[in-house]
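A.B. asks:
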Amino acid sequence: PGDSFNRIHWRSVARTGQLMVKEFELDPTAELYVVLDMQERVQERVLPRRGERGMERLSEVRVAESTEEYAVTAAASIARHMLNQDRAVGLVAWGQHREVIPAEREVRQLYKILEALAVLRAWGTQSLAEVLAAEASRFGRNSTLVIITPSLDERWVASVQHLRYRGVQAVALFVDPQSFGGWRDSRPLLARLADARVPYYVLRQGESLAHTLGVGPSAAPPRLSRSGGAYQPQRAAS
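This is how it looks when you write it as structure tokens:
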């Protein structure tokens, strides 16, 4: 598949692809679109300390401990597992260019998606809200979106609401930028998602996607506890 495929953390992908069908509970006939937020300004990363291996390569590859890399790994994991379940899967990502792969279930679809993800970079200028608005005509009542984003801009939640009014289903995988060193509080965005009744998962730096999906989606305002020096949402009691 080429050297660029080595930029995806395949061990993480292999570990975390198994819970998707159970956790997302998708209509088996629905087409799934992975919508990956590649706007540059919303990304955060944990930089290596000066002198550590990898410092000299920051401009060449995605930083492993970054919202960008976690999001790309999650997208690869979801696409691989859903296609293995014979579901139609597509990709929407506006990074260094507009990348749209229509939903298909053909054998080559996984290769096309992984090839795109391997070279994708978070150099985009459009916000997630703008991307969802621009691509809205692509999605219909038979579409389910898995939106992967670190964006704290609440406008994208409104865009999801508009799509849901049209019958489009959506679930969010929020890659918490605060856990990667971002200074802004993530709680208002999570409360907005809960208010809009958009199911969401929170993926934090240092957590596996399997752990994140294993706790189930949140559908109520987050309850907060102090943990490790930062406030973290807890799953609401059922």
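Numbering of the sequence shown is given in the working numbering, commencing with residue 189 and proceeding in unit increments.
Beta carbons are placed, not taken as given, at the ideal position from N, Cα and C, and that holds for glycine.
#1: Going by other Cβ atoms of all chains shown within 10 Å of its Cβ, with 16 needed for buried, is residue 233 buried or exposed?
#2: Could you compute how far the alpha carbon of residue 334 sits from the alpha carbon of residue 381?
#3: Exposed or buried, residue 282, counting other C-beta atoms within 10 Å across all chains shown (16 or more means buried)?
#4: On the CB-based measure, 16 or more other CB atoms within 10 Å of its CB, does residue 313 come out buried or exposed?
#5: Along the beta strand (DSSP E) that carries residue 332, what are the first and last residues, could you check?
#6: In the DSSP assignment, find the unbroken alpha helix (DSSP H) run with residue 268 in it and report its ends.
#7: I'd like the list of long-range same chain contacts for residue 343, defined as Cβ closer than 6 angstroms, with 5 residues on each side in sequence excluded.
#8: With three or more beta-carbon pairs closer than 8 angstroms as the criterion, would you say the segment 343-360 touches the segment 256-273?
#9: Which whole-angstrom value is the C-beta distance of residue 264 and residue 302, which I expect to be below 8 angstroms?
#10: How many angstroms separate the CA atom of residue 370 from the CA atom of residue 285?
#11: Can you tell me whether DSSP reads residue 286 as helix, strand or coil?
#12: Can you check whether the CB of residue 298 is closer than 8 angstroms to the CB of residue 326?
#13: Quick one: using the 10 Å Cβ neighbour count with 16 as the cut-off for buried, is residue 295 buried or exposed?
#14: Please classify residue 376: is it buried, with 16 or more other beta-carbons within 10 angstroms of its beta-carbon, or exposed?
C.D. replies: Let me lay it out:
#1: buried
#2: Rounded to whole angstroms, the gap between the alpha carbons of residue 334 and residue 381 is 14 angstroms.
#3: buried
#4: exposed
#5: 331-337
#6: 255-272
#7: 317
#8: no
#9: Going by Cβ atoms, the distance from residue 264 to residue 302 rounds to 6 angstroms, so yes, they are a contact pair.
#10: Between residue 370 and residue 285, the C-alpha separation is close to 25 angstroms.
#11: strand
#12: The answer is no: Cβ separation not under 8 angstroms.
#13: exposed
#14: exposed
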